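Numbering (the UniProt record's numbering), first residue to last: 1 to 247. Idealized CB from N, CA, C, for every residue including glycine. Please read all numbers here as calculations on a predicted model, not as lab measurements. Following: one structure in C-alpha cells, then a few remarks.
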C-alpha cells in the first residue's frame, strides 16, 4: 500500500458569507474537513467480537491519513468466558508522536498491554485476558500518516490454556530428548576412553614382554608411562614384571 504521510492540512470549502455574519475561524473549517475526510472518533462505541468471525477496525479516515489532535477510545467486548484476539494487518503512524495503546479491560488509566507507533509489522496475534479490550489512539498537531487496520475476533478462554499447555508439553519433550542425547554422548565418550585405556595397557604389556627382565623403575621411564602413567597402570606394570622376571 502506498504510504500516505505529510502535514495534516485541512481544506477550506469557501461559501458566501452575508454582511451580518461573522467570518468563520480556522477551527470551523477544520471541523468541516474532519467531517469530509471521515475523521470521527466515534468515542463511546462498543464493538462486539464473535467466535470464528473476524471484524475490521481502522483508524479514522483509513486508508487516507488521519487528522491531527485526535483522541479516540474504542472498546471491544467478547462473550462471557471468552477474550478478544487482535490481528493488526497494517500500522503506520508518526513515530513517537501518534500512538496506539492497548489496554486489557475498560480501564484506560492503568498499565497498557502495548504502546505502538511508527511503521510496524505484527507477525503475531494479540490476546487479552478479560472479556473486554480498549484501544486508545492519539495524534498530535502536525504530521499524519495512514494509521492502522486491524481485525478482531473472540476466543474461548480454555482454548488459550490448552494451546499453552500443548506448547509447554512440546517444549518439555524437546528438553527431554536433548538431555537423552547428551547422556548417550557422555556414555559413548566414556566407552571410547575405556577402550583407549585398554588399548594402551595392552601396548604396555606387549612392550614389557619384549623387554624381559625389565624392573619397575625402568618401566616408569617408558614413553607409555609418561603419557598414560596412572596408579592402576603402575600396578599392571608391576604385576607384569613379576611374571616376566620369574619366567
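query	result
Label residue 103 either buried or exposed according to how many other C-beta atoms from any shown protein chain fall within 10 Å of its C-beta, with 16 as the threshold for buried.	buried
Quick one: what does DSSP say residue 182 is sitting in, helix, strand or coil?	helix
With DSSP collapsed to three states, give me the class of residue 53.	strand
For residue 191, does the count of other Cβ atoms within 10 angstroms reach 16, so buried, or fall short, so exposed?	exposed
What does the alpha-carbon distance come out to for the pair residue 55 and residue 73?	17 Å
Can you list, in chain order, the residues of its chain whose CB lies under 6 Å from that of residue 71, leaving out five sequence neighbours each side?	138
Taking only the alpha-carbon atoms, compute the straight-line gap between residue 92 and residue 67 and give it to the nearest angstrom.	14 Å
Got a sec? Which residues, its chain only, sit under 7 Å from residue 131 by beta carbon, not counting five neighbours each side?	77, 78, 80, 82 and 83
For residue 87, which residues from the same chain have a beta carbon less than 6 Å from its beta carbon, with the 5 sequence-adjacent residues on both sides left out?	125 and 151
Using a Cβ-Cβ cut-off of 6 Å (strictly less than) and excluding sequence neighbours within five positions of residue 120, which residues of its own chain qualify?	91
Please check the pair residue 100 and residue 116, which I expect to be a contact at CB under 8 Å, by giving their CB distance rounded to whole angstroms.	5 Å
According to DSSP, simplified to helix, strand and coil, what is residue 148?	strand
Distance, Cα to Cα, residue 180 vs residue 195?	23 Å
Would you call the CB atoms of residue 85 and residue 186 closer than 8 Å?	no
Which residue or residues does DSSP assign as beta-bridge partners of residue 108?	Bridge partners of residue 108: none, in fact.
Among the residues of its own chain, which have a CB less than 6 Å from the CB of residue 69, if the five just before and after it don't count?	141
From the DSSP output, in three-state form, read off residue 71 for me.	strand
Is it buried or exposed, residue 94, if we count other Cβ atoms within 10 angstroms and call 16 or more buried?	buried
Does the beta-carbon distance from residue 40 to residue 60 come in below 8 Å?	yes
Among 114, 136 and 118, whose alpha-carbon lies nearest the alpha-carbon of residue 128?	114
Among all the DSSP beta bridges, which residues are the ones paired with residue 58?	149
If we call anything under 8 Å between Cβ atoms a contact, is residue 75 one with residue 149?	no
For residue 80, name the three-state secondary structure that DSSP assigns.	coil
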